[in-house]
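A.B. asks:
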DNA sequence: ATTCATAGGATTGTCTACAATCTTTGTGAG
DNA sequence: CTCACAAAGATTGTAGACAATCCTATGAAT
């Protein structure tokens, strides 16, 4: 089989999760030598891993000066969300038209699971976030547009996740988000593309509002 | 100053234009050794150039097997246009809200130039295409969203250009496109965001239709 | 004390060589 | 003649060293 996981690939995924989880913080330097000491191997694979991180906009590289974990300004975060709103509401519209009935049934199952986890109040912040991403992920997959999937899940999501990990989750938000998810699935099930698009647009917009207030709070506290 | 153009960067831009212009055709192999013989230097910079081409989806790389120029299926091309329609109409909406009056005036100037070049019938296909891209480029810039600019101009446009270079330009399309551009600018100047968005959506949609019929013709001829 | 220049160290860019993997060509069996 | 298999060749992945560039700290001049 083609089980060829190159070392560069391994380091790349390791670094990706490290950045997303906040173990590597925005602005942190990524020296090739340091990575060699940390992950073993030679500089060549580390270099490749860094380049791939740059391709996903997780690090910024300047010639002869090295790479640093990206540090997004609030304006840039807004830009990202502005694009994400547009693309995900589009995905939701397409999903309403193209998802199979089986996929929609699975969406309902997923929401039931989330409901239970919230009711049990075991709704750990981490699980909530993962579950939320899972929901969005499936809708995007349902759009049946590979490029759309690439852009949202391959390029924008890591950045979004990176900032969500670092902000504490409100206790009020999850139940509300779940409700919004339920309405969206209903619209998809009804094959009402326009409504599904509108609801998703509002959902992400309010998600951004939530994130902004939270960032403002942390900014004020520090 | 920071005039540091690394060799990898140089080769990367060279290859980009070569691919976009069709000198390197879809499916063509890109061996590191071949690039060394062609551009000089060593394998390391060639490798980096190839990786950056992969990041822009211009080549596809499989581990231990090398890189080939991407060959898009008609379905993938439709996916790209589906996304492009959404993002560019969004950009147009934002441009109507955010462009300065000076920028709008420059747009009018640009359209006048295009008009003249068409009237003079010197309207070479190449110039037409470049001019068209220039128009779209300015509207996107006018959206004031850096991420949107990155996605459209940095990732999607090369692919679009690649396929446009390879399809001959219709003699009927340029005048029609110019008219559509004029209507769009009028909407932007009137700060009518909704109309501007709608017109851009239709414009790109008809551009896709034009491309599809042309591809179908060439398919039938071969 | 502040600012500028400079020298040293550290880091990245590039080169060459070697190991691991894939592709292709040639051979033989069915 | 076609297909499967194996060895040779070619290509990529990795390693280590050297060269070019940048960052930093030290010192001198204002």
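Protein chains in written order, with this note's numbering: chain H, 433 to 654; chain V, 433 to 654. Cβ coordinates follow ideal geometry from the N, Cα and C atoms, glycine included. Just so you know, these numbers come straight off a predicted model, no measurement behind them.
By the criterion of Cβ-Cβ separation under 9 Å, what are the contact partners of residue 438 (chain H) in chain V?
C.D. replies: 495 and 496
A.B. asks: Note down, in chain order, all residues in the stretch 557-584 of chain H with a beta-carbon under 7 Å from any beta-carbon belonging to chain V.
C.D. replies: 577, 578, 579, 580 and 583
A.B. asks: So, using beta-carbon positions, are residue 620 (chain V) and residue 516 (chain V) closer together than 9 Å?
C.D. replies: Going by C-beta atoms, residue 620 (chain V) is not nearer than 9 Å to residue 516 (chain V).
A.B. asks: Which two residues bound the contiguous beta strand (DSSP E) that contains residue 493 (chain H)?
C.D. replies: 491-494
A.B. asks: Tell me whether residue 496 (chain H) is buried or exposed, calling it buried when 16 or more other Cβ atoms sit within 10 Å of its Cβ.
C.D. replies: exposed
A.B. asks: Short of 8 Å Cβ to Cβ, which residues in the stretch 498-521 of chain V face chain H?
C.D. replies: Answer set for the stretch 498-521 of chain V: 508, 511, 512, 514, 515, 518 and 519.
A.B. asks: Whole-angstrom Cβ separation of residue 437 (chain H) and residue 519 (chain H), contact assumed at under 8 Å?
C.D. replies: Contact flag wrong, Cβ pair sits at about 30 Å.
A.B. asks: What does a CB cutoff of less than 7 Å around residue 740 (chain V) pick up in its chain, not counting 5 residues either side in sequence?
C.D. replies: Here chain V has residues from 433 to 654 only, and residue 740 (chain V) is not among them.
A.B. asks: Among V:499, V:493, V:580 and V:539, which residue has its Cα nearest to the Cα of residue 526 (chain V)?
C.D. replies: Nearest C-alpha to residue 526 (chain V): V:580.
A.B. asks: How about the stretch 611-630 of chain V and the stretch 527-537 of chain V: do they share at least three Cβ pairs that are nearer than 8 Å?
C.D. replies: yes
A.B. asks: Alpha carbon to alpha carbon, what distance is there between residue 533 (chain H) and residue 564 (chain H)?
C.D. replies: 21 Å
A.B. asks: Taking Cβ-Cβ distances shorter than 7 Å, what residues in chain H pair up with residue 412 (chain V)?
C.D. replies: Outside the modelled stretch of chain V, which goes from 433 to 654, sits residue 412 (chain V), for which no answer is possible.
A.B. asks: Could you confirm whether any beta carbon from chain H is found closer than 9 Å to the beta carbon of residue 526 (chain V)?
C.D. replies: Answer yes: the Cβ-Cβ gap between residue 526 (chain V) and chain H drops below 9 Å somewhere.
A.B. asks: Among H:479, H:513 and H:471, which has the Cα closest to the Cα of residue 644 (chain H)?
C.D. replies: H:513
A.B. asks: To test your reading of the DSSP string, which unbroken alpha helix (DSSP H) runs of 4 or more residues are found completely within the stretch 586-654 of chain V?
C.D. replies: 589-598, 605-621 and 625-653
A.B. asks: Does residue 628 (chain V) have its Cβ less than 9 Å from a Cβ in chain H?
C.D. replies: no
A.B. asks: With a threshold of 8 Å, establish whether the CB of residue 571 (chain H) neighbours any heavy atom of the ligand PLP.
C.D. replies: In terms of ligand content, the structure shown is empty, and the ligand PLP therefore cannot be addressed.
A.B. asks: Out of curiosity, what's the CA-to-CA distance linking residue 507 (chain V) and residue 605 (chain H)?
C.D. replies: 39 Å
A.B. asks: Verify the CB distance criterion: does residue 487 (chain V) have a CB-CB separation below 9 Å to chain H?
C.D. replies: Yes, contact with chain H.
A.B. asks: Between the C-alpha atoms of residue 445 (chain V) and residue 494 (chain H), what's the straight-line distance to the nearest angstrom?
C.D. replies: 17 Å
A.B. asks: How about residue 412 (chain H): is its C-beta nearer than 9 Å to some C-beta of chain V?
C.D. replies: Beyond the ends of chain H as shown, which are 433 and 654, falls residue 412 (chain H); an answer cannot be given.
A.B. asks: Could you tell me the alpha carbon to alpha carbon distance between residue 618 (chain H) and residue 629 (chain H), rounded to whole angstroms?
C.D. replies: 12 Å
A.B. asks: How is the alpha helix (DSSP H) around residue 479 (chain H) delimited, first residue to last?
C.D. replies: 475-487
A.B. asks: Considering only their Cβ atoms, is the gap separating residue 610 (chain H) from residue 546 (chain H) smaller than 9 Å?
C.D. replies: Going by C-beta atoms, residue 546 (chain H) is nearer than 9 Å to residue 610 (chain H).
A.B. asks: Going by DSSP, name the residue or residues bridged to residue 498 (chain V).
C.D. replies: V:494
A.B. asks: Taking 9 Å as the CB-CB cut-off, is residue 476 (chain V) touching chain H?
C.D. replies: Answer yes: the Cβ-Cβ gap between residue 476 (chain V) and chain H drops below 9 Å somewhere.
A.B. asks: Identify whether residue 462 (chain H) lies in helix, strand or coil by the three-state DSSP scheme.
C.D. replies: strand
A.B. asks: Just checking: is the beta-carbon of residue 441 (chain V) within a distance shorter than 9 Å of some beta-carbon in chain H?
C.D. replies: Taking 9 Å as the CB threshold, residue 441 (chain V) lines the interface with chain H.
A.B. asks: Mind checking whether residue 509 (chain H) and residue 595 (chain H) have CB atoms under 9 Å apart?
C.D. replies: yes
A.B. asks: If you reduce the DSSP assignment to three classes, tell me which class residue 521 (chain V) lands in.
C.D. replies: helix
A.B. asks: Assuming residue 477 (chain V) contacts residue 443 (chain V) under a Cβ cut-off of 8 Å, what Cβ separation, rounded to an integer in Å, is found between them?
C.D. replies: 6 Å
A.B. asks: How long is the line joining the alpha carbons of residue 615 (chain H) and residue 487 (chain V), rounded to whole angstroms?
C.D. replies: Distance between the alpha carbons of residue 615 (chain H) and residue 487 (chain V) is about 37 Å.
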